[in-house]
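In the working numbering, the protein residues as written are 9 to 377.
Even for Gly, the Cβ is constructed at its ideal location relative to N, Cα and C.
These numbers were taken from a predicted model, which means no experiment stands behind them.
Input: a single structure, listed below in structure tokens.
Here's what the structure looks like:
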């Protein structure tokens, strides 16, 4: 059944900017998916002259990139042109069932987006989106099953988050907060090992011959999305690509200096990377695990201080001159052993999470196609 037959579609429209305020006057105003929380949007701005209004319980869907992100309005609110509100006809469709159906339609909706700068979909695209609609009782049964799996997924993610906090707490317990160091001697990062930018003399997108070989090519996104260790890669260099780059050894700490500032992760295989990533190979005074967690206390500071032209970036000199605490190496090793035990626990939880996400994806495909 078409979405227009299942619910009322209310496309957002931004009110006059003069009606915006941060003092709570009027109605909460949500401009787009940037205001979305885990389930309900977070109020940052109010407006006293709302144009398009969503009701409590409406499904809010992002109609501008990233298309398809979902939240539920937990209060009456004004919506901007980045959102649409769906008021479900509950005599035909269970709202939770529709939520999961829309989750399954994200790729389809994105493929229909138009626009050169930011892709967007219009009301017609939403209205014509097809949704399988079994009897209400069956919808509720499907939604309840998917709820159970989603709850388990949320619990596994919460467990991973708690373990990350545990490691950071252990770091502070052993070494104090490095941003207010009063205990340890410090050395410049460049004194603690080799620190150099990655090398890529030519842009791979300008010469396809550089790609498609056996040498892993790591980009800034691979570093920022990996956590402690980089375990996989999606691009490779050919022999020609390697000739104009450099192969860094497994164990190298990768540090991003463009777009995602000062995100770090450790190579678990030999790899190349471009000059938007810096490689750090520690000497006998420190190790990569310790430096990775040390950076976690300064990442936001470095990002805020980064000069911004087209995109934020920092240079090798800024990294080289960073003052790093240098506790006794044996103490750093004790911390690294603790981290390795936590990583084993995280691996087990991650494997369980992966299985649950695969199961949910298969069920969504089965029910919504």
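The three-state reading of DSSP puts residue 31 in coil, since its state is none of H, G, I, E or B. Spanning the alpha carbons of residue 151 and residue 259 requires a straight line of approximately 45 Å. Collapsing the DSSP output to three states places residue 96 in a strand. Its Cα nearest to that of residue 245, the residue 211 stands out among 272, 211, 43, 112.
Taking C-beta separations shorter than 8 Å and ignoring five residues to either side along the sequence, the partners of residue 153 in its chain run 371, following chain order. According to DSSP, residue 113 shares a beta bridge with no other residue. Residue 271 and residue 301 have their C-alpha atoms roughly 10 Å apart. Counting the other CB atoms within 10 Å of its CB gives residue 112 a total of 16 or more, which places it among the buried residues. Scanning its chain for C-beta atoms nearer than 8 Å, with the 5 sequence neighbours on each side dropped, one finds around residue 360 the residues 164, in chain order. Going by DSSP, residue 353 is part of no beta strand (DSSP E) but of the alpha helix (DSSP H) stretching over 337-376. Residue 71 and residue 128 do touch by the CB rule: their CB atoms are close to 6 Å apart, below 8 Å. By alpha-carbon distance to residue 174, the top candidate from 356, 44, 351, 374 is 351. A residue is called buried when at least 16 other Cβ atoms come within 10 angstroms of its Cβ; residue 348 does not meet this threshold and is exposed. The beta carbons of residue 324 and residue 203 sit about 7 Å from each other, so the pair counts as a contact at 8 Å. Sequence-distant Cβ neighbours of residue 253 in its own chain, meaning closer than 7 Å and more than five residues away, are 207, 208, 245, 280. Taking a contact to require three or more Cβ pairs closer than 8 Å, the stretch 133-148 and the stretch 10-28 qualify as touching. Residue 186 and residue 264 have their C-alpha atoms some 20 Å from each other. Counting along the chain, the unbroken beta strand (DSSP E) around residue 54 starts and ends at 53-55. Where residue 241 is concerned, there is no enclosing beta strand (DSSP E), because DSSP gives it neither an H nor an E.
Assignment of residue 268 by DSSP, reduced to helix, strand and coil, places it in the coil class.
Of the candidates 219, 296, 69, 69 places its Cα closest to the Cα of residue 81. The continuous stretches of beta strand (DSSP E) do not include residue 298, which lies in the alpha helix (DSSP H) extending over residues 296-304.
In the three-state DSSP reduction, residue 182 falls in the helix class (H, G or I).
Residue 256 carries a strand assignment under DSSP once its states are collapsed to helix, strand and coil. Pairing residue 96 with residue 285, the inter-Cα distance amounts to about 48 Å. Within the same chain, 184 come within 8 Å of residue 190 by CB-CB distance, once the 5 residues on both sides are set aside. Per DSSP, the unbroken beta strand (DSSP E) holding residue 87 starts and ends at 85-87. Non-local beta-carbon contacts of residue 59 in its own chain, meaning distances under 6 Å to residues more than five positions away in sequence, involve 21, 23 in chain order. The residue among 309, 374, 340, 215 with its C-alpha nearest the C-alpha of residue 182 is 340. Contact between residue 121 and residue 75 is confirmed by a C-beta separation of about 5 Å, below the 8 Å threshold. The three-state reading of DSSP puts residue 275 in strand, counting E and B together. Secondary structure of residue 18 (DSSP, three-state): strand. Spanning the alpha carbons of residue 119 and residue 67 requires a straight line of approximately 21 Å.
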